[in-house]
Each structure stands twice: as C-alpha cells, then as structure tokens.
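Data first, discussion second: the structure below is written as structure tokens.
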Amino acid sequence: MSITAAVRRIAANVLDLARTRLELASIELQESGRHLLGYLAWGVAAAVLALYALALVVLFVLVLFWDTHRLAAVGGMAVLFILGAAFAAMKLRAGLARRPPLLPATLAELRKDAAALKGEDGDGF
Numbered sequence: 001m002s003i004t005a006a007v008r009r010i011a012a013n014v015l016d017l018a019r020t021r022l023e024l025a026s027i028e029l030q031e032s033g034r035h036l037l038g039y040l041a042w043g044v045a046a047a048v049l050a051l052y053a054l055a056l057v058v059l060f061v062l063v064l065f066w067d068t069h070r071l072a073a074v075g076g077m078a079v080l081f082i083l084g085a086a087f088a089a090m091k092l093r094a095g096l097a098r099r100p101p102l103l104p105a106t107l108a109e110l111r112k113d114a115a116a117l118k119g120e121d122g123d124g125f
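In this note's numbering, the protein residues as written are 1 to 125.
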C-alpha cells in the first residue's frame, strides 16, 4: 500500500467522521427547534391569558375601591406589578445562567473523537 493510498483512506475516514458528526448536530438542532417552538407557543398562550386575567383583576380592584381608597388601590397595584417584574427578571437571569450547552451529544462525541485521536481511549475506532 502506497503512502498516497493511505493518505486518501485517512482523508476519506476523516470526511466520513465529520459527515456523521454534522448529521448528529443537524438532528439535535431539529429536535431543539421543535421543542423550542412548542414551548414558545405554550408560553405565548399562557402570557396572553395571564394578561387578560391580570387586566380583569386590576379593573375589579379599582372599581371595588374607587369611592373610598382609589389612590391606595392604584398604588398597591403598581407596587405589585413592580414586584412581579423584578421577580420575573431574577428568574430569567437565573434560568439563563444555568441553561445547558447547545448540542451536548455532538460535543460529547467530538470529545470522544479527540481523545481517541490522542490515544487516550483504548477502544480506538
């Protein structure tokens, strides 16, 4: 076997390995996209319904206290909205800080490939 044939065979194996990893990444991205769209749709539906409910609750409280304590009712609602917005911002920041990495299976396979190429893995290819 000549050196050029060996180089061609190695190049073909590397290209095949890269193709396999890209296919895995593509599948993971498709699954993530589907899950993300589903979560987004349910999140939008929940947000719209919650806003309608919140508007009705605010209207109810304002009408209930309009003759006696209208300024206290408006101020109380404003404080509740500020506290709710602060809580939502803190939860969002915490969730973004602990989100999982993108394409975890692909990254794990690439780490295994790198370890095998360095000779750290006893299995080889």
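In this text, a Cβ means the ideal position worked out from N, Cα and C, and glycines have one as well.
Do residue j and residue i count as a contact pair if the criterion is CB distance below 9 angstroms?
{"i": "Leu56", "j": "Ala73", "result": "no"}
{"i": "Arg8", "j": "Thr106", "result": "no"}
{"i": "Asp113", "j": "Leu17", "result": "yes"}
{"i": "Ala109", "j": "Leu15", "result": "It is Glu, not Ala, that sits at residue 109 in the sequence shown. Against a cut-off of 9 angstroms, the Cβ pair of Leu15 and Glu109 comes out as no contact."}
{"i": "Val48", "j": "Met77", "result": "no"}
Taking the C-alpha atoms as reference points, what is the distance between residue i and residue j?
{"i": "Pro104", "j": "Gly119", "result": "23 angstroms"}
{"i": "Ser32", "j": "Arg70", "result": "48 angstroms"}
{"i": "Arg111", "j": "Leu102", "result": "14 angstroms"}
{"i": "Ala85", "j": "Gly75", "result": "15 angstroms"}
{"i": "Leu51", "j": "Ala11", "result": "58 angstroms"}
{"i": "Pro100", "j": "Ile82", "result": "30 angstroms"}
{"i": "Gly124", "j": "Ala88", "result": "Here Gly124 scores only 48 on pLDDT, less than 50, and its place in the model is too uncertain to base an answer on."}
{"i": "Thr68", "j": "Phe60", "result": "14 angstroms"}
{"i": "Ala97", "j": "Lys91", "result": "10 angstroms"}
{"i": "Leu37", "j": "Asn13", "result": "36 angstroms"}
{"i": "Ala5", "j": "Ile27", "result": "33 angstroms"}
Using C-beta distances below 8 angstroms, list every residue in its chain close to residue i, excluding the 5 sequence neighbours before and after it, in chain order.
{"i": "Leu54", "result": "none"}
{"i": "Leu64", "result": "Ala73"}
For chain D, find out if any of its Cβ atoms is closer than 9 angstroms to the Cβ of residue i; answer yes or no.
{"i": "Ala108", "result": "Looking for chain D here will not work: only one protein chain is present."}
Leaving out five residues before and five after residue i in sequence, what residues of the same chain have Cβ atoms less than 6 angstroms from its Cβ?
{"i": "Val127", "result": "What the structure shows of the chain is the stretch from 1 to 125, and residue 127 is not part of that stretch, so it cannot be assessed."}
With a floor of 4 residues, list each alpha helix (DSSP H) that falls wholly inside the region 56–108, ordered by position along the chain.
70–97
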